[in-house]
Amino acid sequence: MALIEIRDLKKVYNAGEPNEFYALNGISLSVDQGDFLAIMGVSGSGKSTLMNILGCLDHPTSGTYMLDGEDVGKKSSGELAKIRRNKIGFVFQNFNLLPRMQAVKNVELPLIYEGIPPKERRQRAKHMLEVVGLGNRVQHKPSMLSGGEQQRVAIARALVNEPMVILADEPTGNLDSKSGHQVMKILLDLHLQGRTIIVVTHDPTIGEYAGRVIKIIDGTIKD
Amino acid sequence: MFIFLGRTIKFAFQGFTRNIWLSVVTVVILVLTLFSVTIAAGINIIAEKAIESVEQKVDVSVYFEPDISEQEVLNVRYRLEELSQVESVGYISKEEALQRFIDRHQDDPGIIESIEEVGNPLGATLVVKAKSIDDYPTVLSMLESDSYADLIQGKSYDDNQQVINRLSDISSKVQRIGLIVSAVFIIIAILIIFNTIRINIYTHREEIGIMKLVGASNWFVRAPFLVESMLYAVLAVVIAIAVLYPLLGVIAPQVDSFFAGYNFDLVSYIHGYLIEIIAWQLGFAIVLSFISSSFAIGRYLRV
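In structure tokens:
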């Protein structure tokens, strides 16, 4: 059984209005456990909309989205939050770290919402920072870290809850080529350890890391 | 659960201190709202007590003819006591009435001499107290029936109606003004709390977005803002009590002198209901804060 199964997914903005716009127009896609998938497309192609729906941050207008055998479209907002907390790890272009918090506290966030006791979550967060090579930066705030280091903190946070899938939206978009390569190397290592990675990007070089690449144009998949 | 509570309270305090001046303004407006509502309610209570005290002094004195026997007077007394509108009926015998008359005119030898000459010209008296001021017309109409015409010499009904009417009039005017002022403050307080929470949501928008991304539940995101508004309410009640309570010591002598001779003591009345007053204020402030912050959260924090 596929980990992610989407069928005829559509996302329509301003439905029925003169300015009706199909951000996604009948997308069908299957992702197996352990896949490394790159979704490529230019700006406005619908790839971020697809990413938001895959990450349970947005609802499709129609179609079905099955994640780990569950129909996500029928979930309440509370249940979707739980799915995001337990099954999905996010990595974003702008890192999305809380500037006031140290690296270790940023990584702890998903564990706080899961109700993990302070001692255990601190241990797990520190361990995850070591995994991404930031064992010596645990007390640093985001402003004291380079872009590449901040993105690695974001990866540590995405991994700390042992998610089923990691969704990365332009993970190297704000990084220099060296830092970008480091980040992609970490994602590749995670894939080699058996994790499912989905990267959304417009950069063809990122696609080279992925085992499978799909292109999205005007809300539809072009093989 | 404790982790959730701990973080919610911590975030609520952070929200409070992050926009400290906005929080101060919100608390001040809530304090003013509590002042106006409490003062309006206090004036209402004082007016009610004043009317009650005046009403307690109202009674009907029924003067019987001097030649009416004690038994006949007591028969009337029993009939009056059977009326559901009657609270009590006091009996003053002929002799007692005379003694009271003499006591009242001790300094007037002419009257005393006349009494000694003619004997006791007074009849017995019944003092009727009705359950409510509105029951007196029923009592009076019974006493005016033909069967009592030969027994009763006269009646005195000092209904204090003018005083009661004036008090009611003043009370309803003050109450109306109090209600208008309170309503204005309540509306201002709702808008201010709404706006404060809205600004705090805006200030925290980045944090809220990240919390949502990493799977914070709706309650985890919303609860700190609700608790923050509760914090305004609690602080406002503490300040309102801290200001109003000493103020009570200043106005109590004036109120008590107004009630001189009546059974009302403002300070002991407030002391008797202090816990209820604080609980009432707290409940009112919390409900007000809860309603306006819920609107703001519902409008600007869709998670």
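From first to last, the protein sequence lines stand for chains A and B.
Just so we're aligned, residue 1 is where the first sequence starts under my numbering, counting upward by one.
Just so we're aligned, residue 1001 is where the second sequence starts under my numbering, counting upward by one.
Glycine is no exception: its CB is placed at the ideal position from the N, C-alpha and C atoms.
- Exposed unless 16 or more other CB atoms sit within 10 angstroms - verdict on A/SER62: The residue is exposed, with fewer than 16 neighbouring Cβ atoms inside 10 Å.
- Task: Kindly indicate if chain B contains any beta-carbon less than 8 Å away from that of A/SER28.
- Result: Proximity of A/SER28 to chain B, defined by a Cβ-Cβ separation below 8 Å, is not satisfied.
- chain A contacts made by the segment 1190-1220 of chain B, where a contact means CB separation under 9 Å: Along the segment 1190-1220 of chain B, going in chain order, the ones with a CB nearer than 9 Å to a CB of chain A are GLU1206, GLU1207, GLY1209, ILE1210, MET1211, LYS1212, LEU1213, VAL1214, GLY1215, ALA1216, SER1217, ASN1218, TRP1219 and PHE1220.
- Item | Residues near A/ALA23 by beta carbon distance below 7 Å, same chain, minus five either side | Cβ neighbours of A/ALA23 beyond the five flanking positions: LYS11, TYR13, GLY46, THR49 and GLY219.
- Between B/GLN1265 and B/VAL1058, what straight-line distance do the alpha-carbon atoms span, to the nearest angstrom? A small correction: the amino acid at residue 1265 of chain B is Asp; Gln does not occupy that position in the sequence shown. B/ASP1265 and B/VAL1058: Cα-Cα distance of roughly 20 Å.
- Rounded C-beta distance between A/GLY41 and A/LEU167? I'm assuming under 8 Å. The C-beta distance from A/GLY41 to A/LEU167 rounds to 15 Å, too long to fall under 8 Å, and the pair is not in contact.
- Could you give the DSSP three-state label for B/ASP1150: helix, strand or coil? Here B/ASP1150 sits in coil by DSSP.
- Quick one: what's got a C-beta closer than 7 Å to B/PRO1121's C-beta in the same chain, skipping five residues either side? Apart from the 5 residues on each side of it in sequence, B/PRO1121 sits with its Cβ closer than 7 Å to the Cβ of PRO1066 in its chain, given in chain order.
- Task: Check whether the Cβ of B/ARG1007 lies closer than 8 Å to any Cβ atom in chain A.
- Result: Closer than 8 Å to some Cβ of chain A, the Cβ of B/ARG1007 qualifies, so yes.
- Over the uninterrupted beta strand (DSSP E) stretch that includes A/GLY89, give me the two end residues. Residue range 88-92 is occupied by the beta strand (DSSP E) that includes A/GLY89.
- Task: Evaluate A/MET144 with the Cβ neighbour count: other Cβ atoms within 10 Å of its Cβ, from every protein chain shown; 16 or more gives buried, anything less gives exposed.
- Result: So A/MET144 ends up on the exposed side.
- Task: Find the residues of chain B that neighbour A/PRO110, judging by a C-beta separation of less than 8 Å, and give them in chain order.
- Result: In chain order: VAL1214 and GLY1215.
- Message: Along the chain, where does the alpha helix (DSSP H) containing B/TYR1300 start, and where does it finish?
- Response: Segment 1274-1300, the alpha helix (DSSP H) holding B/TYR1300.
- Query: Taking any Cβ of chain B, which residues in the segment 96-123 of chain A have a Cβ under 9 Å from it, in chain order?
  - Reply: Per Cβ criterion, the list reads ASN96, LEU97, LEU98, PRO99, ARG100, ASN106, LEU109, PRO110, ILE112, TYR113, GLU114, GLY115, ILE116, PRO117 and PRO118.
- Message: I'd like the list of long-range same chain contacts for B/ALA1233, defined as Cβ closer than 6 Å, with 5 residues on each side in sequence excluded.
- Response: Around B/ALA1233: ALA1285, ILE1286 and SER1289.
- Throw me the rounded Cβ distance for the A/ASP8 and A/GLY26 pair, which I believe falls under 8 Å. With a Cβ gap of about 5 Å, A/ASP8 and A/GLY26 count as contacting.
- Can you give me, in chain order, the residues of the segment 63-81 of chain A that have a beta carbon less than 7 Å from any beta carbon in chain B? So the close ones are SER77, GLY78 and ALA81.
- Throw me the rounded Cβ distance for the B/PHE1225 and B/ILE1297 pair, which I believe falls under 8 Å. Confirmed, Cβ separation roughly 6 Å.
- Message: With the cut-off set at 8 Å, would you say A/ALA158 and A/VAL199 are in Cβ contact?
- Response: Cβ distance not < 8 Å, so A/ALA158 and A/VAL199 don't count as in contact.
- Message: Helix, strand or coil, according to DSSP, for A/ASP58 in the structure here?
- Response: Of the three classes helix, strand and coil, the one that applies to A/ASP58 here is coil, per DSSP.
- Are the beta-carbon atoms belonging to B/GLN1254 and B/THR1038 less than 8 Å from one another? Not a contact, by the Cβ cut-off of 8 Å.
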